[in-house]
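Protein chains: 2
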Amino acid sequence: MEDSFQVRPIGVIRTPYKDSAPYQPLAEAEGDFRLVLDPEWESALQDLDRFRYIYVLYWIHRITRPVAVLAHPPWAEGKAVGLFASRSPVRPNPIGLSVVQVLAVEGREVKVSSLDAFDGTPLLDIKPYVKDLDSKEDADYGWLEDLPDKDHLLLHIKGIPHDY
Amino acid sequence: MEDSFQVRPIGVIRTPYKDSAPYQPLAEAEGDFRLVLDPEWESALQDLDRFRYIYVLYWIHRITRPVAVLAHPPWAEGKAVGLFASRSPVRPNPIGLSVVQVLAVEGREVKVSSLDAFDGTPLLDIKPYVKDLDSKEDADYGWLEDLPDKDHLLLHIKGIPHDY
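Protein chains in written order, with this note's numbering: chain A, 1 to 164; chain B, 1 to 164.
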């Protein structure tokens with residue numbers, strides 16, 4: 001098997017997050033979230049606006065910490081979990097994945113709902129999020145369900161504003 | 001921005017598909033589907049078995065066709081759609097994404113439900129699929145809803161066996 005493969009950006013992600021970004025997309029986040037594709041890919045956006053949701057894949061480019069096999073998620077109250085059981089951005093292959101809503105496709109830009117990525121993040125791929133194939137109604141919260149402060153954490157996961 | 005980034009396999013995907021693979025995971029597919037991680041990543045699987053579903057990211061390594069901005073999905077009855085509105089494996093960055101069930105974690109292997117990848121596919125990442133964050137109950141079928149043979153296609157998407 002080959003040792004490594006090359007990925008090349010197909011465009012850039014524009015967000016209001018210049019110096020800090022949330023851990024997950026926030027339902028109430030304000031501002032402009034856009035996928036700006038390189039001109040050669042404009043036609044490849046045809047029909048994308050027929051989907052309510054899409055997957056956005058990107059290169060998590062501003063990581064400086066070394067990769068570790070255990071992660072300490074900010075929500076997990078000090079608990080360490082296996083890296084692959086976490087959504088930590090510090091991964092052997094720092095490929096970010098977000099599910100976002102398509103708001104509009106205009107030329108080579110896709111206006112989307114909020115996305116937890118820094119402004120300027122290299123865009124790698126867009127895939128349609130298809131009902132049944134991708135939406136699993138019996139999904140669970142995994143180890144998050146074991147945490148004493150679970151109910152509060154779920155507000156963060158759902159992006160619901162709360163003041164405690 | 002950098003021109004390109006390197007990804008390195010963290011392991012390999014084992015499936016029964018040596019020479020042909022389905023377009024999407026089949027609910028009724030038989031056989032052994034496993035993610036076999038390189039030894040250094042065994043500890044990073046801790047807590048993964050607490051999740052019902054995970055994302056599997058992989059390098060689609062057996063593509064020989066050139067990338068085109070329009071795709072002709074096998075289900076779409078000749079219709080051409082924008083590449084990013086399709087799940088075609090022929091993409092500028094051939095990163096495959098599947099949602100699978102975790103059946104068991106044993107040492108450095110994850111036994112999973114069926115996966116539409118060839119045996120020997122390089123594994124890039126595993127992420128937990130988290131309720132609410134990833135399961136969108138109001139997702140739709142996009143342009144698939146426009147097709148005259150929609151009901152039949154949905155059986156394929158859902159992986160439901162049928163003989164017509």
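We put the CB at the ideal spot given by N, CA and C, even for glycine.
B:L97 vs B:Y141 beta-carbon contact at 8 Å: For B:L97 and B:Y141, no; Cβs fall outside 8 Å.
Residues of the segment 34-60 of chain A with Cβ closer than 9 Å to any Cβ of chain B, in chain order: L37, E40, W41, E42, S43, A44, L45, Q46, D47, L48, D49, R50, F51, R52, Y53, I54, Y55, L57 and W59
Exposure label - A:V102; buried when at least 16 CB within 10 Å: buried
Within chain B, the residues that A:V112 reaches when beta carbons sit closer than 9 Å: Under the 9 Å cutoff, chain B gives no residues; its nearest Cβ is about 12 Å from A:V112.
Contact list for the segment 136-160 of chain A against chain B, Cβ threshold 8 Å: Residues K136, E137, D138, A139, D140, Y141, G142, W143, L144, E145, D146, L154, I157 and K158.
Chain-ordered chain B contacts of A:S4 [CB-CB under 9 Å]: Q6, V7, R8 and P9
Limits of the unbroken beta strand (DSSP E) element including A:D125: T121 to P128
A:R172 versus A:P122 - alpha carbon distance: Since the first residue of chain A shown is 1 and the last is 164, residue 172 of chain A is not available in this structure.
Range covered by the alpha helix (DSSP H) that runs through A:I157: Note, A:I157: alpha helix (DSSP H), K150 to K158.
Nearest to A:D47 (by Cα), restricted to the options A:S86, A:P128 and A:S4: Checking every option, the nearest Cα to that of A:D47 belongs to A:P128.
Sub-8 Å separation of A:H162 and A:L155 beta-carbons: yes
Residue interval of the beta strand (DSSP E) (run including A:W59): Y53 to W59
Sheet register partners of A:A71 (DSSP bridge): A:V81
Nonlocal neighbours in the same chain, by C-beta distance under 7 Å from B:G120, ignoring five residues either side: Sequence-distant partners of B:G120 (beyond 5 residues in either direction) whose C-beta falls short of 7 Å from its own C-beta, in its chain, are V12.
Residue burial classification, A:P148 (beta-carbon count within 10 angstroms, cutoff 16): exposed
C-beta contact flag for B:D125 and B:L57 at 8 Å: Against a cut-off of 8 Å, the Cβ pair of B:L57 and B:D125 comes out as a contact.
B:S98 (DSSP reduced to helix, strand or coil): strand
Where B:G31 falls: helix, strand or coil (DSSP): In the three-state reduction of the DSSP assignment, B:G31 falls in the coil class, being assigned neither a helical nor a strand state.
Chain-ordered neighbours of B:L97 on chain A, where CB pairs are closer than 7 Å: Per Cβ cutoff of 7 Å: Y55 and K127.
Start and end residues, beta strand (DSSP E) containing A:I63: Here A:I63 belongs to no beta strand (DSSP E), and DSSP marks it neither H nor E.
Boundaries (first-last residue) of the beta strand (DSSP E) holding A:K112: According to the sequence provided, residue 112 of chain A is Val. The question's Lys does not apply to it. According to the DSSP assignment, A:V112 belongs to the beta strand (DSSP E) that extends over E109 to V112.
Which residues DSSP lists as bridging B:Q6, in chain order: A:Q6.
C-beta atoms of B:W41 and B:A85 nearer than 8 Å: In this structure, B:A85 does not lie closer than 8 Å to B:W41 by Cβ.
Contact set between A:K18 and chain B, taken where Cβ atoms lie within less than 7 Å: Neighbours of A:K18 on chain B: none; closest Cβ ~16 Å, over 7 Å.
Whole-angstrom distance between B:V90 and A:A44, CA atom to CA atom: 12 Å
Nearest residue (CA-CA) to B:V100, options B:S88, B:L115, B:R87 and B:N93: B:L115
N- and C-terminal bounds of the beta strand (DSSP E) containing A:V12: G11 to R14
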